[in-house]
Amino acid sequence: MTRTRIALVVAAVLLAVGLFSSLILRKEPAGDPLDFLPADTQFLIDLREPVTFYEDFRQSRLGERLAAIRWDELLRRWGRSEDEAADFQEEADKIEAFLAGPVFREVFGRQALLALLPAASGEGVNNRPLESLVFISRPRHRTEALALLTPLLTHETRQEKEIYHGRELRTYFFEEGVALSVSVGKGLFLASFSANTLRRCLDLAENEPAAGPDRLLDNSSYLALRKRAHGKDRLFVYGDPRDLPILISRVAGWEETKGLKQDSGNDAPLRASAFFCETVPDRLECSSILGTAPGTTMPEVPLPRTDDALALAPASSLYHFWTNLLDLPRLLEEMGKVQPLRNILDQGENGLVRKTGLSIPEFCALFDSRISLTVTGIRGNGMFPLPRFNGRLAVRDQERLDRAFDALFAEKELRSREFAWGRIQTLILAGGLLQPSWTFRDGYLHFADSPDQLVRGLAAPDAPLNESPLFRQTDVGLLEPNNMITYVSCPAFLDGFRQIVVWGATVLAMMDPERGDRVNALVKLVIVPFLDGMKMFAAGSSRLLARPSEWGAESALIFAVPTDEEKK
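Residue numbers (this note's numbering): 191 to 758.
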């Protein structure tokens with residue numbers, strides 16, 4: 191039996207037992223799933239009304255495009271046998287049918303949580319992350335579903351039963367060492383790949399000292415983050431970044447002497463973090479919070495400020511990005527810690543020093559932390575698509591950087607155009623097919639894909655982006671002081687991106703037919719449908735605000751008006 195089939199059997203038994211037990215106990219008052227989770231829970235996903243969530247997605251443009259993907263054809267194009275491809279497609283179809291079926295609707299009708307508990311202590315305890323996972327659902331309790339259980343409970347699977355805190359705890363044993371433990375009580379269904387994990391959860395719910403004194407409901411950091419959602423938390427994700435190194439070591443199977451010790455994250459300033467989102471009538475709103483421990487602060491970053499480049503972006507822009515968090519020296523330092531990149535940097539630095547007299551750190555120190563990029567369209571010239579863009583990068587020493595550029599491109603074909611503020615420099619590449627251009631003005635290095643595009647980008651447009659109706663619809667505070675903002679006009683941007691991806695796959699197929707055929711299959715069968723499905727959104731925006739005690743991000747995606755064909 192393959193692992194995929196085992197997973198399907200496990201899922202079927204898990205859901206069937208949960209539904210059967212919850213129906214039997216449906217008159218029992220519903221408990222709180224958080225009663226079963228410890229205060230130091232490492233990771234939590236909490237989803238309300240999962241069935242509605244899935245059905246809304248399945249009926250959306252993106253859900254329909256993804257559901258139509260033929261994975262068997264992709265696998266065949268990637269060199270798998272007919273039998274392997276057919277088996278994979280069959281399993282995918284079974285999963286989709288299950289998600290659309292009545293058992294899933296009953297068991298996942300109201301709420302579902304997936305939590306990763308901290309590693310248990312004690313002799314002989316297996317601390318594999320898989321066995322520290324616990325699943326808790328709040329079923330819908332419809333008696334009509336009883337008739338559906340018979341075919342799901344006929345699997346010949348060895349099982350053990352025990353009574354723990356007055357509740358039946360069943361463990362099912364499958365091939366390849368896979369076990370599944372389930373328990374039902376207080377209107378909730380609990381499941382884990384470890385009976386010990388379920389016992390820990392039941393101890394907590396019964397306030398047993400062996401489980402520890404605190405539950406997640408007693409965790410002030412968790413409660414504060416949950417309150418910050420203001421009820422817009424249909425999906426709520428919670429975790430503690432201090433646990434990430436420990437989790438990595440557990441997943442990788444490292445010993446403490448080879449990897450990360452249990453207390454490796456105790457001195458880290460980061461603490462409980464959360465992501466939450468909610469769908470409102472015309473948009474999807476999401477927020478993220480990365481917090482610090484009391485008495486600690488985030489790494490020092492520039493103060494939030496407004497993006498003055500927004501006034502120079504035309505209303506028809508496909509994409510706009512701005513941040514004042516660019517730290518080239520630190521980025522360079524981190525890249526240098528990776529040996530292959532270190533070798534490339536060393537080679538590049540030799541040429542830079544020879545031409546300009548500046549080392550790479552000295553060259554990077556000429557730039558400030560503010561940068562913006564605006565994509566206004568995709569230009570096709572019969573061969574390949576090129577993005578039309580304008581960018582601005584703040585500089586600390588304009589004269590020195592100008593001299594460095596002159597030295598760098600002294601042996602290249604350059605053209606200059608003089609203006610009142612200075613000159614536009616254009617680098618001629620590929621026989622004039624590519625003409626990247628730049629100029630210095632008002633403390634910025636302005637750059638673009640062509641000299642004409644650069645000139646247009648320096649002038650305020652008749653209709654700026656920040657006054658367009660679509661921008662205002664999706665605005666999450668982009669005009670306020672921030673540390674990073676992003677805006678995208680989804681359909682136009684996705685069409686342009688698709689052109690670039692398809693062209694890249696075509697070029698690869700010409701250079702390497704075998705590899706190119708695989709990439710073309712991936713693009714045609716998966717990437718293009720995904721990009722087309724994302725057109726269900728008209729526009730999106732996000733912003734990042736860095737404070738001493740936390741970093742917070744907000745984003746919104748505006749749903750596009752369905753076409754007449756999609757309404758049918």
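The beta-carbon is built from N, C-alpha and C at its ideal position, and this holds for glycine as well. Quick caveat: nothing in here was measured; it's all calculated off a predicted structure.
By how many angstroms is the C-alpha of Gln249 removed from the C-alpha of Arg260?
Approximately 18 Å between the Cα atoms of the pair.
If you run the structure through DSSP and keep just helix, strand and coil, what is Lys602?
Residue state, collapsed to three classes: coil.
So, are the CB atoms of Phe172 and Gln643 less than 9 Å apart?
The question about residue 172 has no answer here: the residues shown for the chain are numbered 191 through 758.
Is it buried or exposed for Ser551, if we count other Cβ within 10 angstroms and need 16 for buried?
It is Pro, not Ser, that sits at residue 551 in the sequence shown. Flag for Pro551 reads exposed.
If you run the structure through DSSP and keep just helix, strand and coil, what is Pro578?
Note that residue 578 is Arg in the sequence shown here, rather than Pro. Arg578: strand per DSSP, three-state reduction.
Looking at the secondary structure, which residues open and close the beta strand (DSSP E) in which Lys284 lies?
From DSSP, Lys284 is part of no beta strand (DSSP E) but of the alpha helix (DSSP H) over Glu272 to Leu289.
Mind checking whether Ser188 and Ser745 have CB atoms under 9 Å apart?
Any answer about residue 188 is impossible in this case: the structure gives the chain only from 191 up to 758.
Ends of the beta strand (DSSP E) at Ser627?
Per DSSP, Ser627 belongs to the beta strand (DSSP E) from Ser627 to Arg631.
Can you confirm whether the stretch 503-520 touches the stretch 557-564 when touching is taken to mean that 3 or more C-beta pairs between the two stretches lie within less than 8 Å?
Output reads yes: the stretch 503-520 touches the stretch 557-564.
Does DSSP put Asp558 in a helix, in a strand, or in coil?
Three-state result, Asp558: strand.
Name the two residues that bound the continuous beta strand (DSSP E) containing Asp236.
Phe233 to Arg238 is the span of the beta strand (DSSP E), which, as asked, contains Asp236.
Excluding the 5 residues flanking Ser373 on each side, which residues of the same chain have their C-beta closer than 6 Å to its C-beta?
These residues qualify, in order along the chain: Arg357, Leu359, Leu380 and Leu388.
Which full runs of the beta strand (DSSP E) of 3+ residues lie inside the stretch 492-551, going along the chain?
The qualifying runs are 509-513.
Does the Cβ of Leu655 have 16 or more other Cβ atoms within 10 Å, making it buried, or fewer, making it exposed?
With 16 or more other Cβ atoms within 10 Å, it is buried.
Answer with buried or exposed for Asn673, where buried requires no fewer than 16 other C-beta atoms within 10 angstroms of its C-beta.
With 16 or more Cβ atoms within 10 Å of its Cβ, Asn673 is classed as buried.
Mark Asp472 as exposed unless 16 or more other C-beta atoms lie within 10 angstroms of its C-beta, in which case mark it buried.
Exposed, since its Cβ has fewer than 16 Cβ neighbours within 10 Å.
Do the stretch 712-726 and the stretch 679-686 meet, that is, are 3 or more Cβ pairs less than 8 Å apart?
Contact between the stretch 712-726 and the stretch 679-686 is present, because at least three Cβ pairs lie under 8 Å.
My parser needs the alpha helix (DSSP H) runs of 4 or more residues fully inside the stretch 715-739; what are they?
DSSP runs (the alpha helix (DSSP H)) wholly in the stretch 715-739: 718-723.
By the three-class DSSP mapping on this structure, what secondary structure does Trp776 have?
Since the displayed the chain opens at 191 and closes at 758, residue 776 lies outside it and no answer follows.
Give me the residue from Val324, Ala276, Phe298 and Ala287 with the minimum Cα distance to Pro228.
The shortest Cα separation from Pro228 among Val324, Ala276, Phe298 and Ala287 belongs to Val324.
Given this structure, state the Cα-to-Cα distance separating Gly581 from Phe720, to the nearest angstrom.
Approximately 28 Å between the Cα atoms of the pair.
Rounding to the nearest angstrom, what Cα-Cα distance links Ala594 and Gly541 in this structure?
Between Ala594 and Gly541, the C-alpha separation is close to 12 Å.
For Leu159, which three-state DSSP category applies?
Look at the range of the chain in this structure, 191 to 758, and you will see that residue 159 is not part of it.
With which residues is Arg613 paired in a DSSP beta bridge?
Answer by DSSP bridge pairing, in chain order: Glu608.
Which residues in the same chain have their Cβ closer than 6 Å to the Cβ of Ala305, if we skip the five residues on either side of it in sequence?
Excluding sequence neighbours, Ala305 sits near Leu227, Thr231, Leu234 and Val324.
Taking only three categories from DSSP, how would you classify Met674?
Note: Met674 maps to strand in three-state DSSP.
Provide the residue span of the beta strand (DSSP E) that contains Leu298, from first to last.
According to the sequence shown, residue 298 is Phe rather than Leu. First-last for Phe298: undefined, no H or E at that position.
Check Pro431 in the structure and name its three-state DSSP category.
Helix.
If we require 4 or more residues per run, which alpha helix (DSSP H) segments fall completely within the stretch 365-404?
Those alpha helix (DSSP H) runs which fall completely within the stretch 365-404 and span 4+ residues are 385-395.
Starting from Ala638, trace the alpha helix (DSSP H) in both directions and tell me its first and last residue.
Not the alpha helix (DSSP H): Ala638 falls in the beta strand (DSSP E), residues Tyr634 to Ala638.
According to DSSP, Leu619 sits in a beta bridge with which residue or residues?
Answer is Leu624.
For the stretch 261-270 against the stretch 705-717, are there 3 or more C-beta pairs whose distance is under 8 Å?
Contact holds: three or more Cβ-Cβ distances are below 8 Å.
Using only alpha-carbon positions, find the residue among Phe465, Val713 and Asp404 that is nearest to Tyr428.
Minimum Cα distance to Tyr428 is reached at Phe465.
Do the stretch 686-703 and the stretch 625-640 touch if we need at least three Cβ pairs shorter than 8 Å?
Short answer: they don't touch.
What does the alpha-carbon distance come out to for the pair Leu425 and Pro530?
Approximately 40 Å, taken between the alpha carbons.
Identify the continuous alpha helix (DSSP H) that holds Phe687 and give its terminal residues.
Residues Cys680 to Met701.
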